[in-house]
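Have a look at the structure below, then the notes.
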Amino acid sequence: MVAAILLGCLGIFLMVAMLDYSPDQISGAGPVSSNVTGPVGAWIADRAIVTWGLAAFYLPVLLLAAGLLVLRSGPLENLSRRLTGAALLLPALAGLMHLLPTGSGARHLLQHWDLLRFDGLGGSVGFYLCGPQAPPQAPAFPGGLLRRYLDVGGSALVLGAIAAGSVWLMQVGLAGYLRRAWIAFSTYQPGTRHVPRSTATFSPPSAPPLSKARTTTAFKEVARRMNDADQLVPADDLVERIRERRRALDRQGSESGDAPLPVSSPVAPAAAPPAVNPPRRTSLPPQEVVTPFGVPTGTAPDIATVAAALANPTAGRPDSEPVEEPDVVPTVTSATPAPPKPRKPKRAESVDGAYELPPVDLLEDVPKRKHTEHENEKQTTARTIEEVFANFAISVKVVAASRGPVITMYEIQLQDAAMRVQKVEGFEKDMSLKLGTEGIRIVAPLPNKKTIGIEVPNRVKEAVVMRDLVEQIDATQMTLPLILGRDVIGAPMMGDLAKMPHLLVAGATGTGKSVCMNAMICSILLFRGPDEVKFIMVDPKMVELAGYEDIPHLLTPPITDMKLAHAALEWVCRTMDERYFALRMVGVRDIKAYNELGEAEIRSRLSRKNKSLDDLPGIDVRMPYIVVVVDEYADLMMSNKEVEKSIIRLTQKSRAAGIHVILTTQRPSADVVTGLIKSNLPARICFRVADKSNSRVVLDAGGAENLLGKGDLLYLPPGSNGLVRGQGVWVRDGEIEAIIAHAKSQGEPQYDESIISAGAVAMVGGGQSGDAKTSEWLSDRQFHEAVQSMYRYNRSGADFFRRKLNIGYNKATAYVEQLEDLAFLGPQKGTAAREIIKSWDDWIELLKANGHTWDEDDELYHNPVEIRS
Numbered sequence: 013m014v015a016a017i018l019l020g021c022l023g024i025f026l027m028v029a030m031l032d033y034s035p036d037q038i039s040g041a042g043p044v045s046s047n048v049t050g051p052v053g054a055w056i057a058d059r060a061i062v063t064w065g066l067a068a069f070y071l072p073v074l075l076l077a078a079g080l081l082v083l084r085s086g087p088l089e090n091l092s093r094r095l096t097g098a099a100l101l102l103p104a105l106a107g108l109m110h111l112l113p114t115g116s117g118a119r120h121l122l123q124h125w126d127l128l129r130f131d132g133l134g135g136s137v138g139f140y141l142c143g144p145q146a147p148p149q150a151p152a153f154p155g156g157l158l159r160r161y162l163d164v165g166g167s168a169l170v171l172g173a174i175a176a177g178s179v180w181l182m183q184v185g186l187a188g189y190l191r192r193a194w195i196a197f198s199t200y201q202p203g204t205r206h207v208p209r210s211t212a213t214f215s216p217p218s219a220p221p222l223s224k225a226r227t228t229t230a231f232k233e234v235a236r237r238m239n240d241a242d243q244l245v246p247a248d249d250l251v252e253r254i255r256e257r258r259r260a261l262d263r264q265g266s267e268s269g270d271a272p273l274p275v276s277s278p279v280a281p282a283a284a285p286p287a288v289n290p291p292r293r294t295s296l297p298p299q300e301v302v303t304p305f306g307v308p309t310g311t312a313p314d315i316a317t318v319a320a321a322l323a324n325p326t327a328g329r330p331d332s333e334p335v336e337e338p339d340v341v342p343t344v345t346s347a348t349p350a351p352p353k354p355r356k357p358k359r360a361e362s363v364d365g366a367y368e369l370p371p372v373d374l375l376e377d378v379p380k381r382k383h384t385e386h387e388n389e390k391q392t393t394a395r396t397i398e399e400v401f402a403n404f405a406i407s408v409k410v411v412a413a414s415r416g417p418v419i420t421m422y423e424i425q426l427q428d429a430a431m432r433v434q435k436v437e438g439f440e441k442d443m444s445l446k447l448g449t450e451g452i453r454i455v456a457p458l459p460n461k462k463t464i465g466i467e468v469p470n471r472v473k474e475a476v477v478m479r480d481l482v483e484q485i486d487a488t489q490m491t492l493p494l495i496l497g498r499d500v501i502g503a504p505m506m507g508d509l510a511k512m513p514h515l516l517v518a519g520a521t522g523t524g525k526s527v528c529m530n531a532m533i534c535s536i537l538l539f540r541g542p543d544e545v546k547f548i549m550v551d552p553k554m555v556e557l558a559g560y561e562d563i564p565h566l567l568t569p570p571i572t573d574m575k576l577a578h579a580a581l582e583w584v585c586r587t588m589d590e591r592y593f594a595l596r597m598v599g600v601r602d603i604k605a606y607n608e609l610g611e612a613e614i615r616s617r618l619s620r621k622n623k624s625l626d627d628l629p630g631i632d633v634r635m636p637y638i639v640v641v642v643d644e645y646a647d648l649m650m651s652n653k654e655v656e657k658s659i660i661r662l663t664q665k666s667r668a669a670g671i672h673v674i675l676t677t678q679r680p681s682a683d684v685v686t687g688l689i690k691s692n693l694p695a696r697i698c699f700r701v702a703d704k705s706n707s708r709v710v711l712d713a714g715g716a717e718n719l720l721g722k723g724d725l726l727y728l729p730p731g732s733n734g735l736v737r738g739q740g741v742w743v744r745d746g747e748i749e750a751i752i753a754h755a756k757s758q759g760e761p762q763y764d765e766s767i768i769s770a771g772a773v774a775m776v777g778g779g780q781s782g783d784a785k786t787s788e789w790l791s792d793r794q795f796h797e798a799v800q801s802m803y804r805y806n807r808s809g810a811d812f813f814r815r816k817l818n819i820g821y822n823k824a825t826a827y828v829e830q831l832e833d834l835a836f837l838g839p840q841k842g843t844a845a846r847e848i849i850k851s852w853d854d855w856i857e858l859l860k861a862n863g864h865t866w867d868e869d870d871e872l873y874h875n876p877v878e879i880r881s
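In structure tokens form, the structure reads like this:
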């Protein structure tokens with residue numbers, strides 16, 4: 013390949029240089045670089061044309077033809093003899109060119125090339141052989157060596173004979189030479205290697221032993237191929253090559269301890285083979301009629317030897333040369349990517365340097381997979397797809413197939429330009445029936461393509477393991493890397509939670525939802541330390557996230573009490589407000605810019621506003637990201653309706669503050685995944701669900717109801733309307749335990765007790781008593797709103813507070829009970845309303861006694877009786 017490219021480029025370079033040649037490019041009369049090939053090309057063209065004249069154009073033609081033949085047939089045989097013929101042909105052509113009559117056109121060409129001094133088209137070599145004894149402008153120059161003794165006719169005969177002998181030495185006639193070059197150019201296909209002649213003529217059928225009829229058929233096929241290719245192989249060379257290849261393979265087998273390849277038993281010819289039409293060589297004399305193997309009559313090779321070679325067609329090929337398979341219609345272009353080479357993952361170091369990230373060795377090695385193309389399965393499925401559409405009078409063609417670990421994507425084109433794409437979308441069930449599988453999905457059309465995609469499950473599925481993906485991820489380009497799995501063509505599916513910025517995961521029980529959640533948590537633990545990210549985990553199942561307890565990344569132990577879960581979410585909302593206040597005081601827009609400032613710059617900016625870090629409660633010089641993971645959002649919604657408000661508030665505005673939410677649910681109904689929740693969760697993953705309505709709730713499109721389960725998912729990337737199908741990554745329990753154990757060995761968690769204490773404030777009492785309990789309640793502004801509403805409307809009760817404040821029934825009941833404990837409301841008496849015992853002034857006195865202060869302009873603390881009047 014390299015030699016062919018070099019020869020072709022050299023021939024093109026020489027041809028262009030000579031076509032653009034002018035003598036003034038060398039003499040200095042014009043600019044030296046006026047030749048398109050530069051001064052080097054101009055000098056080479058000048059030497060070639062002055063030396064050989066018009067025959068110099070034979071040089072680039074010879075180089076181009078040689079390059080094409082090398083590209084087609086490999087290294088040329090009898091190279092020295094061929095080079096000798098080419099070297100003799102060039103001066104012969106120059107002499108013959110010099111003998112041509114020089115008319116007006118030839119004189120113009122001689123004048124253009126400044127060859128008038130040689131008085132002919134053959135250049136200096138042509139003049140030396142066939143020119144006059146001295147040129148008109150150079151009488152001292154000797155010339156006309158042949159013409160002096162043989163005159164014009166004799167010189168032409170001698171040079172013609174030399175040219176014919178040169179062609180014979182090159183073993184090809186001029187017409188055949190050009191015809192072979194054209195065949196090589198027209199039949200060459202990039203990416204394939206040509207099999208040498210000694211093996212290319214063998215057809216692959218039949219296993220030993222061969223019968224007489226099959227041997228004769230093989231001979232006919234060989235003769236036909238050789239006749240078409242116009243290639244003859246000498247008999248002695250053919251037999252010797254076959255024997256050498258067999259001996260070489262036998263030696264390799266004995267050295268490796270394997271048995272040698274079986275050789276067919278000799279088949280004695282019972283009768284002469286039937287006559288076969290000889291190759292088209294009409295110029296050969298009758299006594300040299302050629303047999304199918306290019307052997308003159310009477311010197312045919314041993315039939316047993318050739319039959320053995322035909323029985324084992326791959327024995328004559330080197331191991332590196334591919335064996336051509338028979339074509340299968342329809343032809344499907346395989347787009348399966350080559351398996352990536354394992355490499356060391358790029359992972360950023362921990363900020364403080366004290367925490368050591370878990371090593372990749374904690375993950376199990378990638379299993380050895382068979383890297384086969386499964387072409388038979390692809391071709392069979394492609395043919396079936398075309399047949400299904402043909403049964404409904406729809407003409408389609410499968411143009412490509414991309415194989416993934418579980419799914420293969422087949423791309424089809426509609427052959428009828430008037431066919432509507434919507435008509436194709438309803439064939440999923442027909443495909444499933446014909447192919448005998450479930451989980452088929454039609455994507456019409458594919459994004460940014462002029463084809464329609466059909467996703468068909470593979471018969472043999474491959475597992476997607478964590479280590480394989482970790483070794484490919486570049487974590488330095490992501491803030492919170494999430495490893496999701498592989499798509500239908502085997503490409504990694506990864507995302508940055510900081511850019512999503514929130515994620516919804518839905519799916520029925522047993523479809524891979526919990527595995528996906530554990531994979532996302534482990535991917536963050538593999539790439540980020542506790543100084544960079546913190547977790548708050550809500551685990552209604554009590555066992556799914558319990559294993560992460562006591563890792564240093566946690567702000568609080570996994571929360572299993574749903575009453576405390578609501579309080580934790582409210583704490584996160586308050587933290588978000590505190591962070592936004594700090595960002596405004598420092599003068600940045602997001603947490604990334606804040607963390608890049610450094611302590612000195614933060615203190616400097618605060619000092620300009622007469623502030624310090626002490627004025628920013630709960631804020632340090634570096635803010636870690638906070639990831640809130642809720643395992644079962646539906647259970648949380650059922651236990652406390654107030655949770656939805658906190659979730660909506662977080663998902664609406666917590667991105668810049670570095671707070672991100674991952675929600676999972678196995679019941680993606682409209683009352684759980686509401687419109688406000690979906691609008692603020694642009695990134696969504698859906699595993700198999702019960703019906704199309706659930707799929708539409710999560711993805712705003714159907715399709716998830718037809719998934720296979722066991723990790724088969726549909727992913728809606730943020731900012732995109734197109735769904736991506738993939739196979740979720742599989743994380744084994746042992747791998748999760750190893751990552752958790754490594755994280756625990758690096759340090760102990762630093763729990764924030766205010767999160768737990770906030771849970772006591774949110775519910776009834778929270779275990780406190782006396783003045784501490786009263787003080788906690790009085791710090792709740794919504795509780796103040798409940799008191800003002802009670803005095804403004806002179807009513808109380810859980811239903812009243814729930815309607816006026818738009819809160820849940822549990823919280824409204826807690827307010828009523830607290831007002832009763834503070835002696836502002838009387839006890840419940842049957843169905844009658846509670847009596848309001850104390851006045852508004854008593855409420856204000858209670859606030860002042862507990863050190864509560866407020867702005868005088870705040871209407872919340874104005875007398876509601878005056879407001880009402």
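Residue numbers for the sequence shown follow this note's numbering, beginning at 13 and rising by one.
By construction, the Cβ of each residue, glycine as well, lies at the ideal position given by its N, Cα and C atoms.
Bridge partners for residue i per DSSP, in chain order?
i    : result
T676 : V517
R498 : P504 and Q739
In its own chain, which residues sit with a C-beta less than 6 Å from the C-beta of residue i, not counting the 5 before and 5 after it?
i    : result
P761 : D562, P564 and L566
D551 : L557, P570, T572 and D643
G42  : For G42, the predicted model reports a pLDDT of 49, less than 50, meaning its position is unreliable; a value from the coordinates is still stated below. Excluding positions up to five away in sequence, the list reads D36.
D32  : N47 and V48
N706 : P680
P694 : P730
P297 : Note that P297 scores 41 on pLDDT, short of 50, meaning its location in the model is unreliable; the coordinates nonetheless yield the value given after this. Excluding sequence neighbours, P297 sits near nothing in its chain.
Please determine, among the options, the residue with the shortest C-alpha to C-alpha distance to residue i.
i    : options                   : result
A513 : M529, T491 and T521       : Looking at the sequence shown, residue 513 is not Ala but Pro. The shortest C-alpha separation from P513 is found at T491.
K441 : I454, G759 and L108       : I454
S691 : F547, K756 and L515       : L515
D58  : V641, I38, V799 and T677  : I38
S651 : L374, V633, G715 and M574 : M574
D703 : T686, L693, A682 and G687 : A682
V584 : P839, S658, L105 and A173 : S658
M635 : L625, L74, E544 and S92   : E544
Q678 : G519, M182, G53 and G687  : G519
L111 : A99, R94 and Y140         : Y140
V517 : D792, G507, I697 and T587 : I697
N460 : S732, L837 and V555       : S732
Do residue j and residue i come within 8 Å of each other at the CB atom, strictly closer than that value?
i    : j    : result
I671 : I689 : no
L937 : G721 : Because the chain in this structure spans residues 13 to 881, residue 937 falls outside the shown range and cannot be described.
K823 : E656 : no
P370 : L537 : yes
V527 : N470 : no
V828 : A845 : no
R814 : Y805 : no
M649 : V673 : no
G740 : L481 : no
Might you give, ordered along the chain, the residues of its own chain that have their beta carbon closer than 8 Å to the beta carbon of residue i, omitting 5 neighbours on each side?
i    : result
E399 : K446
R708 : G714
R617 : M597, V598, G599 and L609
W855 : V799, Y803 and F836
Does any CB atom of chain B fall closer than 8 Å to the CB of residue i?
i   : result
I17 : Chain labels in this structure do not include chain B; a single protein chain is all it has.
Less than 7 Å between C-beta atoms, sequence neighbours within five positions excluded: which residues of the same chain meet that for residue i?
i    : result
S881 : Bear in mind that the predicted position of S881 carries a pLDDT of just 48, short of 50, making it too unreliable to give a figure here.
Let me know the beta strand (DSSP E) ranges lying completely inside the stretch 515 to 567, each 3 residues or longer, listed in chain order.
Look at the stretch 515 to 567 and you find these whole runs of beta strand (DSSP E), each 3 residues long or longer: 515 to 518 and 545 to 550.
Just to confirm the assignment: which complete beta strand (DSSP E) runs, minimum length 3, are found wholly within the stretch 703 to 752?
Taking 3 residues as the minimum length, the beta strand (DSSP E) runs contained wholly in the stretch 703 to 752 are 724 to 728 and 736 to 740, in order along the chain.
Segments assigned alpha helix (DSSP H), at least 4 residues, entirely inside the stretch 386 to 431:
Complete alpha helix (DSSP H) runs here, min 4: 387 to 403.
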